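Read the structure below first, then the notes.
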Amino acid sequence: MATTASPPLQLATASRPHASSSGGGGVGGVLLAGGSGGGVAPGRGRGGMQRRVSARSVASDRDVQGSVSPAEGLPSVLNSIGSSAIASNIKHHAEFTPLFSPEHLSPLKAYHATAKSVLDALLINWNATYDYYNKMNVKQAYYLSMEFLQGRALTNAIGNLEITGEYAEALKQLGQNLEDVASQEPDAALGNGGLGRLASCFLDSLATLNYPAWGYGLRYKYGLFKQIITKDGQEEIAENWLEMGYPWEVVRNDISYPVKFFGKVIEGTDGRKHWIGGENIKAVAHDVPIPGYKTRTTNNLRLWSTTVPAQDFDLGAFNSGDHTKAYEAHLNAEKICHILYPGDESLEGKVLRLKQQYTLCSASLQDIIARFESRAGESLNWEDFPSKVAVQMNDTHPTLCIPELMRILMDVKGLSWSEAWSITERTVAYTNHTVLPEALEKWSLDIMQKLLPRHVEIIETIDEEQQMNIIVSKYGTTDTELLKKKLKEMRILDNVDLPASISQLFVKPKEKKESPAKSKQKLLVKSLETIAEVEEKTELEEEEAEVLSEIEEEKLESEEVEAEEESSDDELDPFVKSDPKLPRVVRMANLCVVGGHSVNGVAEIHSEIVKQDVFNSFYEMWPTKFQNKTNGVTPRRWIRFCNPELSALISKWIGSDDWVLNTDKLAELKKFADNEDLHSEWRAAKKANKMKVVSLIREKTGYIVSPDAMFDVQVKRIHEYKRQLLNILGIVYRYKKMKEMSAEERVKSFVPRVCIFGGKAFATYIQAKRIVKFITDVAATVNHDSDIGDLLKVVFVPDYNVSVAEALIPASELSQHISTAGMEASGTSNMKFAMNGCILIGTLDGANVEIREEVGEENFFLFGAEAHEIAGLRKERAQGKFVPDPRFEEVKEFVRSGVFGTYNYDELMGSLEGNEGYGRADYFLVGKDFPSYIECQEKVDKAYRDQKLWTRMSILNTAGSSKFSSDRTIHEYAKDIWDISPVILP
Numbered sequence: 001m002a003t004t005a006s007p008p009l010q011l012a013t014a015s016r017p018h019a020s021s022s023g024g025g026g027v028g029g030v031l032l033a034g035g036s037g038g039g040v041a042p043g044r045g046r047g048g049m050q051r052r053v054s055a056r057s058v059a060s061d062r063d064v065q066g067s068v069s070p071a072e073g074l075p076s077v078l079n080s081i082g083s084s085a086i087a088s089n090i091k092h093h094a095e096f097t098p099l100f101s102p103e104h105l106s107p108l109k110a111y112h113a114t115a116k117s118v119l120d121a122l123l124i125n126w127n128a129t130y131d132y133y134n135k136m137n138v139k140q141a142y143y144l145s146m147e148f149l150q151g152r153a154l155t156n157a158i159g160n161l162e163i164t165g166e167y168a169e170a171l172k173q174l175g176q177n178l179e180d181v182a183s184q185e186p187d188a189a190l191g192n193g194g195l196g197r198l199a200s201c202f203l204d205s206l207a208t209l210n211y212p213a214w215g216y217g218l219r220y221k222y223g224l225f226k227q228i229i230t231k232d233g234q235e236e237i238a239e240n241w242l243e244m245g246y247p248w249e250v251v252r253n254d255i256s257y258p259v260k261f262f263g264k265v266i267e268g269t270d271g272r273k274h275w276i277g278g279e280n281i282k283a284v285a286h287d288v289p290i291p292g293y294k295t296r297t298t299n300n301l302r303l304w305s306t307t308v309p310a311q312d313f314d315l316g317a318f319n320s321g322d323h324t325k326a327y328e329a330h331l332n333a334e335k336i337c338h339i340l341y342p343g344d345e346s347l348e349g350k351v352l353r354l355k356q357q358y359t360l361c362s363a364s365l366q367d368i369i370a371r372f373e374s375r376a377g378e379s380l381n382w383e384d385f386p387s388k389v390a391v392q393m394n395d396t397h398p399t400l401c402i403p404e405l406m407r408i409l410m411d412v413k414g415l416s417w418s419e420a421w422s423i424t425e426r427t428v429a430y431t432n433h434t435v436l437p438e439a440l441e442k443w444s445l446d447i448m449q450k451l452l453p454r455h456v457e458i459i460e461t462i463d464e465e466q467q468m469n470i471i472v473s474k475y476g477t478t479d480t481e482l483l484k485k486k487l488k489e490m491r492i493l494d495n496v497d498l499p500a501s502i503s504q505l506f507v508k509p510k511e512k513k514e515s516p517a518k519s520k521q522k523l524l525v526k527s528l529e530t531i532a533e534v535e536e537k538t539e540l541e542e543e544e545a546e547v548l549s550e551i552e553e554e555k556l557e558s559e560e561v562e563a564e565e566e567s568s569d570d571e572l573d574p575f576v577k578s579d580p581k582l583p584r585v586v587r588m589a590n591l592c593v594v595g596g597h598s599v600n601g602v603a604e605i606h607s608e609i610v611k612q613d614v615f616n617s618f619y620e621m622w623p624t625k626f627q628n629k630t631n632g633v634t635p636r637r638w639i640r641f642c643n644p645e646l647s648a649l650i651s652k653w654i655g656s657d658d659w660v661l662n663t664d665k666l667a668e669l670k671k672f673a674d675n676e677d678l679h680s681e682w683r684a685a686k687k688a689n690k691m692k693v694v695s696l697i698r699e700k701t702g703y704i705v706s707p708d709a710m711f712d713v714q715v716k717r718i719h720e721y722k723r724q725l726l727n728i729l730g731i732v733y734r735y736k737k738m739k740e741m742s743a744e745e746r747v748k749s750f751v752p753r754v755c756i757f758g759g760k761a762f763a764t765y766i767q768a769k770r771i772v773k774f775i776t777d778v779a780a781t782v783n784h785d786s787d788i789g790d791l792l793k794v795v796f797v798p799d800y801n802v803s804v805a806e807a808l809i810p811a812s813e814l815s816q817h818i819s820t821a822g823m824e825a826s827g828t829s830n831m832k833f834a835m836n837g838c839i840l841i842g843t844l845d846g847a848n849v850e851i852r853e854e855v856g857e858e859n860f861f862l863f864g865a866e867a868h869e870i871a872g873l874r875k876e877r878a879q880g881k882f883v884p885d886p887r888f889e890e891v892k893e894f895v896r897s898g899v900f901g902t903y904n905y906d907e908l909m910g911s912l913e914g915n916e917g918y919g920r921a922d923y924f925l926v927g928k929d930f931p932s933y934i935e936c937q938e939k940v941d942k943a944y945r946d947q948k949l950w951t952r953m954s955i956l957n958t959a960g961s962s963k964f965s966s967d968r969t970i971h972e973y974a975k976d977i978w979d980i981s982p983v984i985l986p
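In our numbering, the protein residues as written are 1 to 986.
Right, dumping it as structure tokens:
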């Protein structure tokens, strides 16, 4: 087909370099190529781009010709292109990128073509960044996470490159609208909640601040699940985000690594351990560019997919009709990356999860090590590894990095145990994200033994050599009860026999009991006494008695010797043996603490709980290993791009947009907190965002809500400790009180509210799914009650994700962060809401504590018990001393009356009742905090009625949120944990 469209931005001329052998190219960066790797012809570009320079493809060291030098700086080049050249480039991809038929430029097709156009631009800096890191051989950080919740890439990329206006105009020339085109992009289903979103914020900050760093994760084909809300509550279907392809990735078929499961361990003639046999798969790299804001630095997110070579397809079985067997090896490999957090109720599910975690660790470490060796060249020295590599484990999922790095260094590279341990300990660091016992992973030792036999050997040695011996050395053997306590708390293996070297410390003498021989001797004496008393005995009888007595005495002597020998053997304390009734487990968090050089919490209160409670014994042993790194969020995505109305307003009143890179400048808003003009503009920006959410709610739920009502939002993973149940019970109480009033009294007593929920309950978490069902049932009743009208609406937005958050957060006015105190590690959505001028209602939990300090106590609605009170309150409950508030009892009775439908809520309400038992006794203190909560909500209503006061509070929340930028957090990680420095491309 003839076309006048220009080739992709005239940036690259080379076709994809020849693929290197498996693993051999793992040290390379990303490919310099048009589109998804295809070549484009050189030529004179449009928009004045006439210079021709060479650029190196770091995957092959091949010099290729291009029209723009990376050294010129991509943002400035693109800004000079103009919208017409960009439009031609988009049109080129629409016609020549073979994803869609060429007849019509639909919004979906326009999105893919636009994405390819932006990727062309990113590839220049992507390669330049890696090439410079490679040349300078800088120390690089590697962030390993099971989740990366990226959100849409198009608006973020063009925003960071500062070419949003040019692309909007280019699409307009093609008859498209940027907002409509961007909305075609599905969210990458690579995460679920705060863990993944934090990881993505960190990647953005790392690139923006020019730190040399990569992310490593898995490429989940079907994500966690897509949430559907029906009359029965939550239903789950597979995500389809990859169905139309993912234009932001470059598939690196030349970068793959072997990953092994099962098999056995043997010792070779070289003295090294060899892991042989078993199941072998390969992990294939998929690279995604991470552009920084106002910088040429473009870092990499490398995601692994899993497969096996074509020869593992059993052609014979297929042709004989056994199609399932033919594909078995491929299925076993590919299913590793099918689902995020597959159900682990079954043995198969547990094995699959462990396979996922090991695949992430093994493939990533092999890649990191290959890059280290390549950069070191002939001057390779393994002692330099920790000075060139920093590995951060985001929660316990990547814990197997520790034994895997040990395995590679010893079994493959030939280092000694002490050398390998020293390197590993100085390389790896651990971020703890939870204080919930069930979330501190414990893996079955039996499962791990079968799946990863060599790693269990290494873990057992770490447990003995690097942990138990140190514990004994520190606490001594005098106080054996203290020593037992410390070993029980701090061992990596739990309910596993102590090794002999440690067991001997717990030998105790047997209790001295009367031996059987002594008892028999007493009986014999008594018998002899009886014999002596019988005067009629015959001489023969007396002789026989004497003989018998001698025989018995000989037996007694023999038995006495045996008894003495037995008594000389002391007993082993039962503590040294495992309990066969309990599972044998590997405590992954303990392994992280022992094997890493740093352990950090993610909020000040959380880090204190980690030190004083969760890992107190470890903290006593290694106090300098523990530190705090309060989470943060990127202000680019979470204000600059998702809230352009507020962003423009901030820049106008501050006088520049410098705050996007230096959020400390947000504090300058404080001096305008009482300015009426700012108040008016601030409210107008909020109203504009609320209008967008009105449309979103109607589109996703069918409900019509008023933009004049307060938007009250709680969006997060559904979990009992996050207490969505407290929120909805508060709404039920509000609704009940409304129903008891006249229309006039309602209007006078209550501020109109739209109560918005969003979040997913794990498919196997029954109680969380009951909560979702309850919320939707309340919504169905309240929203159809004509007596209430717009005074109260309840909305559950289905399939909550980053894109939905980007709409809801700018429109929110009150946000609920109401977890049981001491149970939320940090939270990050609370930071996003505060940045966007939303006022929080919450407990003193996680980052709420610091947010309240920064924005001012008077600008935060506080309620509920505090963390130090929780244990005592639960104890009181167990003792039957808790007396529920009458209002709480009233609400539960109202729910059970059937007003919200025929569903039986006895199990849900029953969890809030009783004093003990599984699923009972209100473990998360909903009843305890309920009266404080509803009284605090009355204060919210009162404040909202005074719009001048409310607007002032809103402004001060934004002005006080500067601390919660992920840029600040990353600077702290870089300085205190990773020891890396910014690298500015020349």
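All residues carry an ideal CB built from backbone N, CA and C; glycine is no exception. Keep in mind that this is a model prediction, so the values were computed, not measured.
Discussion item. Can you list, in chain order, the residues of its chain with a C-beta nearer than 6 Å to that of Gln392? Leave out the 5 residues immediately preceding and following it.
Written reply: Result list for Gln392: Tyr143, Ala429, in chain order.
Discussion item. Measuring alpha carbon to alpha carbon, tell me which residue in Gly856, Leu242, Thr97 is nearest Ile955.
Written reply: Checked all of Gly856, Leu242, Thr97; the closest Cα to Ile955 is Gly856.
Worksheet item: Taking Arg723 as the reference, which of Gly175, Lys294, Ser911, Lys485 has the closest Cα?
Response: Ranking the options by Cα distance to Arg723, first place goes to Ser911.
Item to complete: Name the residue from Ser965, Val926, Gly759 whose alpha carbon lies nearest to the alpha carbon of Glu854.
Response: Nearest of Ser965, Val926, Gly759 to Glu854, Cα basis: Ser965.
Worksheet entry | Pairwise C-alpha distance: Tyr923 and Ala688 | In a straight line, the C-alpha of Ala688 is about 41 Å away from that of Tyr923.
Discussion item. Quick check on the burial criterion: 16 or more other C-beta atoms within 10 angstroms. Buried or exposed for Pro580?
Written reply: It is exposed - the Cβ of Pro580 has fewer than 16 other Cβ atoms within 10 Å.
Worksheet entry | Close-in-space but distant-in-sequence residues of the same chain around Gly196 (CB under 6 Å, 5 per side omitted) | Closer than 6 Å at Cβ, skipping near neighbours: Glu147, Phe148, Leu149.
Worksheet item: In chain order, which beta strand (DSSP E) runs of at least 3 residues are fully inside the region 833 to 891?
Response: Secondary structure within the region 833 to 891: the beta strand (DSSP E) runs of 3 or more consecutive residues, fully enclosed, are 839 to 842 (chain order).
Worksheet item: Are the CB atoms of Cys361 and Pro398 nearer to each other than 7 Å?
Response: Going by beta carbons, Cys361 and Pro398 fall inside the 7 Å limit.
Item to complete: Tell me Gln234's beta-bridge partners as DSSP assigns them.
Response: Paired residue(s): Ile229.
Worksheet entry | Own chain partners of Phe225 with C-beta closer than 6 Å, once the 5 adjacent residues on each side are dropped | These residues qualify, in order along the chain: Glu236.
Item to complete: Compare the C-alpha of Leu949 against each of Leu808, Pro499, Asn675 and name the closest.
Response: It is Asn675 whose Cα lies nearest to the Cα of Leu949.
Worksheet item: Ordered along the chain, which non-local residues of its own chain (more than five positions away) have a Cβ less than 8 Å from that of Lys109?
Response: Hits under 8 Å: Ala94, Leu99, Phe100.
Practice prompt. Helix, strand or coil for Cys755, going by three-state DSSP, please let me know.
Written response: When DSSP states are grouped into helix, strand and coil, Cys755 belongs to the strand group.
Worksheet item: Nearest to Ala867 by CA position, among Val610, Lys942, Ile809, is which residue?
Response: Checked all of Val610, Lys942, Ile809; the closest Cα to Ala867 is Val610.
Item to complete: Could you give the DSSP three-state label for Phe924: helix, strand or coil?
Response: Assignment of Phe924 by DSSP, reduced to helix, strand and coil, places it in the coil class.
Worksheet item: Near Asp976, what residues of its chain come up, given a Cβ to Cβ distance below 7 Å and the 5 sequence neighbours on each side ignored?
Response: Sequence-distant Cβ neighbours of Asp976 in its own chain, meaning closer than 7 Å and more than five residues away, are Gln627.
Worksheet item: In chain order, what residues of the same chain lie with their CB nearer than 6 Å to the CB of Asn590, ignoring the 5 residues before and after it?
Response: Taken in chain order, the residues that qualify are Ile492.
Practice prompt. State the start and end residues of the unbroken beta strand (DSSP E) segment that holds Ile290.
Written response: Per DSSP, Ile290 belongs to the beta strand (DSSP E) from 279 to 291.
Discussion item. Let me check one thing: in DSSP terms, what residues is Trp214 bridge-paired to?
Written reply: Residue pairing by DSSP puts Trp214 in a beta bridge opposite Tyr142, Asn300.
Worksheet entry | For Ile771 and Val891, the rounded distance between their alpha carbons | Taking the straight line from one Cα to the other gives about 15 Å.
Worksheet item: Is the distance from the Cβ of Asp649 to the Cβ of Ala685 below 7 Å?
Response: Reading off the sequence, residue 649 comes out as Leu, not Asp. Yes, the Cβ-Cβ distance between Leu649 and Ala685 is below 7 Å.
Worksheet item: DSSP on Gln184, reduced to helix/strand/coil?
Response: Gln184 falls in the coil class under three-state DSSP.
Item to complete: Go ahead and pull the three-state DSSP assignment for Asn253.
Response: Asn253: strand per DSSP, three-state reduction.
Item to complete: Taking 8 Å as the threshold, find out whether the region 405 to 425 comes into contact with the region 212 to 223 through three or more Cβ pairs.
Response: With the cut-off at 8 Å, the region 405 to 425 and the region 212 to 223 do not touch.
Fill in: Beta-carbon proximity list for Tyr133, same chain, < 7 Å, skipping 5 on both sides
Cβ contact annotation for Tyr133 (same chain, cutoff 7 Å, sequence separation greater than five): Gln140, Pro212, Val983, in chain order.
Discussion item. So for Asp787, helix, strand or coil by DSSP?
Written reply: If DSSP states are grouped into helix, strand and coil, Asp787 belongs with coil.
Worksheet item: What residue does the alpha helix (DSSP H) around Leu678 start on, and which one ends it?
Response: Its alpha helix (DSSP H) spans residues 676 to 701.
Fill in: Spatial distance of Pro309 from Leu331 (CA atoms)
Each residue's Cα considered, the two are about 12 Å apart.
Discussion item. Checking the sheet assignment: what are the DSSP bridge partners for Ile266?
Written reply: Answer by DSSP bridge pairing, in chain order: His274.
Item to complete: Take Gly233 as the anchor and find which of Val797, Ser961, Leu206, Val883 has the nearest alpha-carbon.
Response: Across the set Val797, Ser961, Leu206, Val883, the C-alpha of Val797 shows the shortest separation from the C-alpha of Gly233.
Practice prompt. Consult DSSP for Ala429 and reduce its assignment to one of helix, strand or coil.
Written response: Reduced to three states, the DSSP call for Ala429 is strand.
Worksheet item: Since Leu678 and Pro810 are thought to touch, with beta carbons under 8 Å apart, how far apart are those beta carbons, to the nearest angstrom?
Response: Between Pro810 and Leu678 the Cβ distance is about 17 Å, and since that is not below 8 Å, they are no contact.
Worksheet entry | For Arg587, the first and last residue of its enclosing beta strand (DSSP E) | For Arg587, the enclosing beta strand (DSSP E) starts and ends at 585 to 587.
Item to complete: Reducing DSSP to helix, strand and coil, say where Phe313 ends up.
Response: Correct three-state label for Phe313: coil.
Discussion item. Val259 and Thr359 - do their beta-carbons sit closer together than 7 Å?
Written reply: Contact: yes.
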